[in-house]
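The structure under discussion appears below in the form of structure tokens.
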Amino acid sequence: MMETAVGWHVELEFEEDTHRTRAAAMVRLSDGTEVRAHGYASRHPSDSQQPRVGEEIAGARALNELAMKLLTKAHDEIDEASGRASYPLT
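As numbered in UniProt numbering, residues 1 to 90 make up the sequence shown, in order.
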């Protein structure tokens with residue numbers, strides 16, 4: 001039987017103006033470390049206003065950056081624990 005020892009909550013916040021959406025993502029890890037990332041989306045002036053689409057794009061980009069930062073953090077911790085350089089996790 002598998003037990004859950006920890007859970008993560010990812011927070012996403014959005015700021016929007018008429019042509020740009022900014023997303024900020026943050027996850028707090030079980031050791032108290034916070035990892036933060038940002039994503040952006042721009043609307044072309046000829047596109048109709050669809051704020052939800054801008055949020056989805058900016059949010060996805062922020063989550064993608066957050067994922068890469070978590071992979072890098074894990075990779076660095078593996079290297080530190082093993083005392084050798086390893087291949088990057090991608």
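We treat Cβ as the ideally placed atom computed from N, Cα and C, and that holds for glycine.
Rounded to whole angstroms, the gap between the alpha carbons of residue 85 and residue 69 is 18 Å. Boundaries of the alpha helix (DSSP H) around residue 53: 51 to 82. Non-local beta-carbon contacts of residue 61 in its own chain, meaning distances under 6 Å to residues more than five positions away in sequence, involve 39 in chain order. Assignment of beta-bridge partners to residue 22 by DSSP yields 15, 40. Cβ neighbours of residue 15 within its own chain (closer than 6 Å, five residues either side excluded): 22.
Taking the C-beta atoms as reference points, residue 27 is found nearer than 8 Å to residue 66. Taking the C-beta atoms as reference points, residue 10 is found no nearer than 8 Å to residue 24. Each residue's CA atom was taken as its position, placing residue 87 and residue 80 some 13 Å apart.
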